[in-house]
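Since the structure comes first, as structure tokens, the remarks are kept for the end.
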DNA sequence: CTCCTGTATTTTGGATCCAATATTGATAAT
DNA sequence: ATTATCAATATTGGATCCAAAATACAGGAG
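Residue numbers (my numbering), protein chains in the order written: chain C, 1 to 224; chain U, 1001 to 1224.
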């Protein structure tokens, strides 16, 4: 094996930089509100400013950074209000995706979701938080994709991207990871019974719980 | 007056190119499926390929063009299925935006919408189709913005952008223009009475009509 | 005649350099 | 002392040039 070091480097510098920028933002290395100094960042990633700027344009489209002409990019402030808003929008879109998905559900599709779930549980047991988050994402996207509404899925994916920062926060807690596994099992069960509304309810409950968890985690001393 | 020729040129080349590209796509000058030859386009717009590529990245984020590494950009095929899907998503998002908007509706807000509507009617009477489409957009966005959900409004705006091509088709027909004016008046009336669900219904009916109109316009000889 | 292969050409990706704009700081006038 | 103005600096925007990849094409083997 020559280059199987976890992540193989993307075929273009802009895609590489895009991943790195996402990581930098989600891990808090670049903090919300920070202006983005292109020269410094480009040097750090060892690329020129051109691919960096193209990656930033992509992130601008996703709402992770803001842009003003001649003043450059800033990391978008992700307030709790933003998080709540994203969850509200996800609620609307994912509910529709699930309803459509259940109508088109096949055995092969279910098997794919079960494989993703197996990977989630494996990663959880092994304590691989990052892998678990990734498999979790695959689990959900697999379901959404059954809807056969590619634009809808694309939007949902973008919304997930835009709150990656908070997601890693959530998955950092062991009880939350356990909870996710339970919810996935319940979801699979309800899917087998073609009960779309119940699945929608589970997903909604999950989002609500995640928001609450993050709220308390972020504002721990508001009462004391 | 020095540069009041309708549109003043944007402060950056990428924004200028972005507008031009949008226009080229909506007017059919660049047709769906067409690969985008950067060199040729850049020369046509009299800029280098750098700002062109940044504009394309923005359009990629909006779903108007697709991108593959080392193979470049293509104008997204906007099938009728795509149009229907965008309308479905708009239905979900705009309904929520309207419900929130009605809860927060102020007199000043209503006045702004009425001004936009006045401009719509003026442009319609003057036969200025492009101006009418623009005022129409302002009318709706004004309402959506009362929701105070900036990300939601942003998404809706992007969805509107992605179907601009079809919109100009719709507004090209006089009866459609007349219909829009009626619907706006009804909408304003219902807003004054704070009847969110009725507004949602009007908007849904409008979208349904637009889709049907475009379907018949695009496939005129399917029966004969 | 078909298919594979190697090469030429086209097209995209990226680096460097220069221009334009914004920001900062210093100086002077009120 | 405060504010306005102008110069110096930092930062972004864009053009050109070169590298890398993909595509098209020609030639030869089967």
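Where is the CB? At the ideal position from N, CA and C, for every residue including glycine.
- Taking 9 Å as the CB threshold, residue 1066 of chain U stays off the interface with chain C.
- Around the CB of residue 205 of chain C, fewer than 16 other CB atoms lie within 10 Å, so the residue is classed as exposed.
- Of the other Cβ atoms in all chains shown, 16 or more fall within 10 Å of the Cβ of residue 145 of chain C; this residue is therefore buried.
- The C-alpha of residue 200 of chain C lies about 24 Å from the C-alpha of residue 174 of chain C.
- Annotation: Cβ neighbours of residue 11 of chain C in chain U (cutoff 8 Å, chain order): 1069 and 1070.
- Each residue's CA atom was taken as its position, placing residue 1077 of chain U and residue 112 of chain C some 29 Å apart.
- The beta-carbon of residue 1039 of chain U is placed no less than 9 Å from the nearest beta-carbon of chain C.
- Inclusion of residue 1101 of chain U and residue 1143 of chain U in the CB contact set at 9 Å is warranted, their separation being smaller than that value.
- Positions of the beta strand (DSSP E) runs, each at least 3 residues long and wholly inside the stretch 1094 to 1160 of chain U, cannot be given because no such run exists.
- With fewer than 16 other Cβ atoms from the protein chains shown falling within 10 Å of its own Cβ, residue 70 of chain C counts as exposed.
- Between the stretch 124 to 142 of chain C and the stretch 161 to 173 of chain C, the count of C-beta pairs closer than 8 Å reaches three or more; the two stretches touch.
- Residue environment analysis places residue 1068 of chain U among the exposed positions, since fewer than 16 neighbouring C-beta atoms fall within 10 angstroms of its C-beta.
- Only 82, 85, 86, 88 and 89 from the stretch 77 to 90 of chain C bring a Cβ to less than 8 Å from some Cβ of chain U.
- Per DSSP, residue 47 of chain C lies in no beta strand (DSSP E) and is assigned neither H nor E.
- Per DSSP, the continuous alpha helix (DSSP H) segment holding residue 1212 of chain U begins and ends at 1196 to 1218.
- In terms of Cβ geometry, residue 1165 of chain U and residue 1058 of chain U do not form a close pair [threshold 9 Å].
- Bounds of the beta strand (DSSP E) holding residue 66 of chain C are 65 to 68.
- For residue 1058 of chain U, the C-beta contacts it makes with chain C under 8 Å involve 57, 60 and 61, in order along the chain.
- The closest CA to that of residue 1047 of chain U, considering only U/1079, U/1018 and U/1123, is found on U/1018.
- Counting C-beta pairs with one atom in each stretch, the stretch 78 to 89 of chain C and the stretch 1073 to 1090 of chain U have fewer than three that are closer than 8 Å, which means they do not touch.
- Annotated three-state conformation of residue 32 of chain C is coil, per DSSP.
- Of all residues in the stretch 191 to 216 of chain C, none places a beta-carbon less than 7 Å from a beta-carbon of chain U.
- When the beta-carbon positions are compared, residue 1087 of chain U and residue 1211 of chain U come within less than 9 Å of each other.
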